[in-house]
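Numbering (my numbering), first residue to last: 545 to 1146.
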RNA sequence: GGGGCUGUAGCUCAGCCGGAUAGAGCGACGGUUUCCUAAACCGUAGGUCGUGGGUUCGAGUCCCGCCAGCCCCGCCA
């Protein structure tokens, strides 16, 4: 109901200005002009409430209820307002409760029945020239030569959903996979392989990903324990970064091997990404240093080139440094991230010309990003009308509240985690079929259980506010009831059932009419979709979309349970079918923005 | 030592620009099926919003102190 909200808001601003002209001339009272129009906190209060009378009371030196009365008087003089809204009511200490006219809601519903975007407007960029400027979402970002593990789950799922939401709003979204393909750890892997498995560095497919992981672990251990190995590794990185052909070939082979593994997971999750690893920014690293140097931001400390942060204080009360070039001449992740920021905001052809850059990484990197963003801002690499944001998320924990591990204490591989979700979904389904005496084909069972399993993993993650740690639990996410993917999928299955039993969802919409409370609450829930999408775009919190879809499903299930559709008399039958259709479209669209496909039967 | 995040029902969590009597789900307890998939629906019980101050007409929400947990803090990413 975005359009209704905006319309009402303007009417209220006008009413306020007419009722109290004295607040108009006051320069510092922008907030007093705000009618504070918000959705009603409870259904009894109507659809919207206006909270400003209480706030204005002090400024105007009048009781809140008098102020509310004056606003209402002005509103009721306005024909435009009377078309939309029932007569406003003053409640409590001075709230104004607004109820939208039923005819107006019906109009909105019939408009939506023919609107593929379900009321969600396309975003209009503030600047015309920027309308094609991409939004960059940097997410997933696994490391080459490692398998994807549970640590990549949240970034991948949340980043994908945010991408889908911004794409739906009409932005050009660049989904960048900033894979770790360039750091010191890479040098140590190559050094180690040179000794133990040189064929891996010259022959394609000589080692599989599992072996690579083992080699990586060994290399890491040597790196931590052996000084000599540490310095050969660092040399190896420098060789690579300066374009040594042998090192480059080895590197390419390792990347190709890992890429196969990643692609498999992304295909299962139905996630598209453009791989643009850290190595991509290699040609731009030097430029970062020269730029920072010419801006006089660089300080050489202990042999390393650093930028000292303004606000943050380090250990001894001194400013906190960010190292951008190590004493051995090598660059590190801060340098890469700075080069990436510069490139992403810089106009083409040597940049992406982005309007907004979003990083979906764990909350542990908050300090790092705060530092890097500060430097980029001081270097003026971020245009004033552009945004850069770190979208942090908490740890994935097990039931014990600690970082999720396997029983043997290893990190959980993402592929194993997905396998288990699907297996559990399948055994639930088979048990259910047996109990109900249903017979289904194997391909049906496979399809349904893999859809449910993956959906459950995604939904469980997305439905929680991302900033808190997330307790991973198969039973809970696959539960047949509650705020889970299966519950939402089931609501859609019920609607599909109505279609199968002869309900034509595409019925005439000229003369919609509704009487029952269950119908009206469904209507109001459907109409909130656009508000939710716009809110998620701004706040980057997909859990708000999940809550909405859950509520919509609950309200629909109540409607389905208490109100007959197919057996109703006309015109109720057609009108109810229209609501079913809109519910289905809204749920499907919402789920697809979460990256979750839906089912006809389950 | 410095910084960040978190603390809300037995459990897992929502809570939007500060607004009316703090909400869900699970679990517990009780009910509903000649009817479109009961993977559903209806009802009951359950709270000192970590804690102490402050700001405000009004604080779970903002500010300050304290307690607890997790994370980060110069050559890993």
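Where a beta carbon is used, it is the ideal one built from N, C-alpha and C, also for glycine.
Practice task
If I'm right that residue 1017 touches residue 943 with Cβ under 8 Å, what's the distance once you round it to whole angstroms?
Solution key: If you number the first chain from 1, residue 1017 lands on position 473. If you number the first chain from 1, residue 943 lands on position 399. Right, their Cβ atoms sit about 6 Å apart.
Practice task
Spell out a yes or no on whether the stretch 926-940 and the stretch 905-918 are touching, meaning 3 or more CB-CB pairs, one atom from each, closer than 8 Å.
Solution key: yes
Exercise for the section: Starting from residue 720, follow its DSSP beta bridges and name the residues at the other end. Expected result: Here residue 720 refers to the residue found at position 176 of the first chain. DSSP output for residue 720 lists 682 and 818 as bridge partner(s).
Practice task
Can you tell me the Cβ-Cβ gap for residue 644 and residue 615, rounded? I've got them flagged as a contact below 8 Å.
Solution key: Walking along the first chain from the start, residue 644 turns up at place 100. Walking along the first chain from the start, residue 615 turns up at place 71. That belief does not hold up - the Cβ atoms of residue 644 and residue 615 are roughly 18 Å apart, past 8 Å.
Exercise for the section: Report the residue from 1123, 1066 and 1111 whose alpha carbon sits nearest the alpha carbon of residue 1096. Expected result: Within the first chain, the letter at position 552 stands for residue 1096. The residue with the shortest Cα to Cα distance from residue 1096 is 1066.
Practice task
Kindly identify the DSSP beta-bridge partner or partners of residue 1119.
Solution key: Your numbering for residue 1119 matches position 575 in the first chain. Partner(s): none; residue 1119 has no beta bridge.
Exercise for the section: Compute the Euclidean distance between the alpha carbons of residue 1107 and residue 1060, then round it to the nearest angstrom. Expected result: Here residue 1107 is taken as the residue at index 563 of the first chain, counted from 1. Here residue 1060 is taken as the residue at index 516 of the first chain, counted from 1. Roughly 9 Å between the two C-alpha positions.
Exercise for the section: Pull up the DSSP beta-bridge partners for residue 725, would you. Expected result: Locating residue 725 in the first chain gives position 181, where the first residue counts as 1. DSSP, once it has assigned bridges, lists no residue as partnering residue 725.
Exercise for the section: Could you check if residue 1044 is buried or exposed, using at least 16 other CB atoms within 10 Å of its CB as the buried criterion? Expected result: By one-based count along the first chain, residue 1044 stands at place 500. Label assigned to residue 1044: exposed.
Problem - Per-residue burial, residue 608 [other beta carbons within 10 Å of its own, 16 or more giving buried] - result: The residue given as residue 608 occupies position 64 in the first chain. Under this definition residue 608 is a buried residue.
Problem - residue 600, buried or exposed, once every other Cβ within 10 Å from all chains shown has been counted against 16 - result: Position 56 of the first chain holds residue 600. Classification for residue 600: buried.
Practice task
Under 7 Å Cβ to Cβ from residue 1079, same chain only, skipping five residues before and after it: list those, please.
Solution key: For the purposes of this step, residue 1079 is taken as residue 535 along the first chain, with counting starting at 1. Around residue 1079: 1088.
Handout entry: Minimum length 4: unbroken alpha helix (DSSP H) runs contained in the stretch 920-1004
Key = 958-980
Handout entry: Per-residue DSSP class, three states only, for residue 863
Key = Locating residue 863 in the first chain gives position 319, counting from the first residue. In this structure, residue 863 counts as strand in the three-state DSSP scheme.
Practice task
Would you mind reading off the limits of the alpha helix (DSSP H) that contains residue 599?
Solution key: Numbered from 1 along the first chain, position 55 holds the residue referred to as residue 599. Start and end: 596-604.
Problem - Separation of residue 777 from residue 734, as counted between CA atoms - result: Position 190 of the first chain holds residue 734. Position 233 of the first chain holds residue 777. Roughly 8 Å between the two C-alpha positions.
Practice task
Using DSSP bridges, identify the partner residues of residue 903.
Solution key: Residue numbering aside, residue 903 sits at position 359 when the first chain is read from its first letter. Answer by DSSP bridge pairing, in chain order: 682 and 934.
Practice task
Report yes if the C-beta distance between residue 1084 and residue 706 is below 8 Å; otherwise report no.
Solution key: Here residue 1084 is taken as the residue at index 540 of the first chain, counted from 1. Here residue 706 is taken as the residue at index 162 of the first chain, counted from 1. Going by C-beta atoms, residue 1084 is nearer than 8 Å to residue 706.
Practice task
Determine which residues share a DSSP beta bridge with residue 1014 and list them.
Solution key: Start at 1 with the first residue of the first chain, and residue 1014 comes out as number 470. Per DSSP, 940.
Practice task
Note down the Cα distance separating residue 1064 from residue 960, rounded to an integer number of angstroms.
Solution key: If you number the first chain from 1, residue 1064 lands on position 520. If you number the first chain from 1, residue 960 lands on position 416. Going by the C-alpha atoms only, they are around 45 Å apart.
Practice task
For residue 1001, count neighbouring Cβ atoms within 10 angstroms of its own Cβ and tell me buried if that reaches 16, exposed if not.
Solution key: The residue labelled residue 1001 in the question sits at position 457 within the first chain. Label assigned to residue 1001: buried.
Practice task
Taking only the alpha-carbon atoms, compute the straight-line gap between residue 627 and residue 968 and give it to the nearest angstrom.
Solution key: Here residue 627 refers to the residue found at position 83 when the first chain is read from its first residue. Here residue 968 refers to the residue found at position 424 when the first chain is read from its first residue. So the two alpha carbons sit approximately 54 Å from each other.
Problem - Anticipated Cβ contact below 8 Å, residue 725 with residue 821, distance rounded - result: Mapped onto the first chain, residue 725 falls at position 181. Mapped onto the first chain, residue 821 falls at position 277. So it is a contact: roughly 4 Å between Cβ atoms.
Problem - Three-state secondary structure (DSSP) of residue 642 - result: Mapped onto the first chain, residue 642 falls at position 98. Three-state DSSP puts residue 642 in a strand.
Handout entry: Separation of residue 703 from residue 748, as counted between CA atoms
Key = The residue given as residue 748 occupies position 204 in the first chain. The residue given as residue 703 occupies position 159 in the first chain. Distance between the alpha carbons of residue 748 and residue 703 is about 32 Å.
Problem - Supposed contact pair residue 662 and residue 1073 - C-beta distance, whole angstroms, cut 8 Å - result: Walking along the first chain from the start, residue 1073 turns up at place 529. Walking along the first chain from the start, residue 662 turns up at place 118. Contact flag correct, Cβ pair sits at about 6 Å.
Problem - Local Cβ density within 10 Å of residue 790, reported as buried at 16 or more and exposed below that - result: Here residue 790 corresponds to residue number 246 of the first chain, with the count starting at 1. The residue in question, residue 790, is exposed, as its Cβ has fewer than 16 Cβ neighbours within 10 Å.
Exercise for the section: Work out the CA separation of residue 611 and residue 621 for me, nearest whole Å. Expected result: Position 77 of the first chain, counted from the start, is the residue given in the question as residue 621. Position 67 of the first chain, counted from the start, is the residue given in the question as residue 611. C-alpha separation (whole angstroms): 16 Å.
Handout entry: Between the CA atoms of residue 1055 and residue 1130 - distance to the nearest angstrom
Key = Here residue 1130 corresponds to residue number 586 of the first chain, with the count starting at 1. Here residue 1055 corresponds to residue number 511 of the first chain, with the count starting at 1. If you take the alpha carbons of residue 1130 and residue 1055, they lie about 21 Å apart.
Practice task
Return yes when the Cβ of residue 1143 is within less than 8 Å of the Cβ of residue 995, no when it is not.
Solution key: Your numbering for residue 995 matches position 451 in the first chain. Your numbering for residue 1143 matches position 599 in the first chain. Contact flag set, yes.
Handout entry: Length of the line joining the Cα atoms of residue 926 and residue 890
Key = Taking the first chain and counting its residues from 1, the one referred to as residue 926 is at position 382. Taking the first chain and counting its residues from 1, the one referred to as residue 890 is at position 346. In a straight line, the C-alpha of residue 926 is about 8 Å away from that of residue 890.
Problem - Own chain, CB closer than 7 Å to residue 780, minus 5 neighbours either side, in chain order - result: Against the first chain, residue 780 aligns to sequence position 236. So the list reads 731, 734, 735 and 791, once near-sequence residues are dropped.
Problem - Segment contact flag, the stretch 803-818 with the stretch 686-698, C-beta cutoff 8 Å, min 3 pairs - result: yes
Practice task
Taking residue 835 as part of the beta strand (DSSP E), name the residues at either end of that continuous run.
Solution key: Looking up residue 835 in the first chain gives position 291. Premise fails: residue 835 lies in the alpha helix (DSSP H), 826-838, not in any beta strand (DSSP E).
Exercise for the section: Report all residues from its chain with a CB closer than 7 Å to the CB of residue 572; omit the five preceding and five following residues, and keep chain order. Expected result: What you label residue 572 is simply residue 28 of the first chain in a count that begins at 1. Here the model assigns residue 572 a pLDDT of 45, short of 50, so the residue's position is not dependable and the matter cannot be decided.
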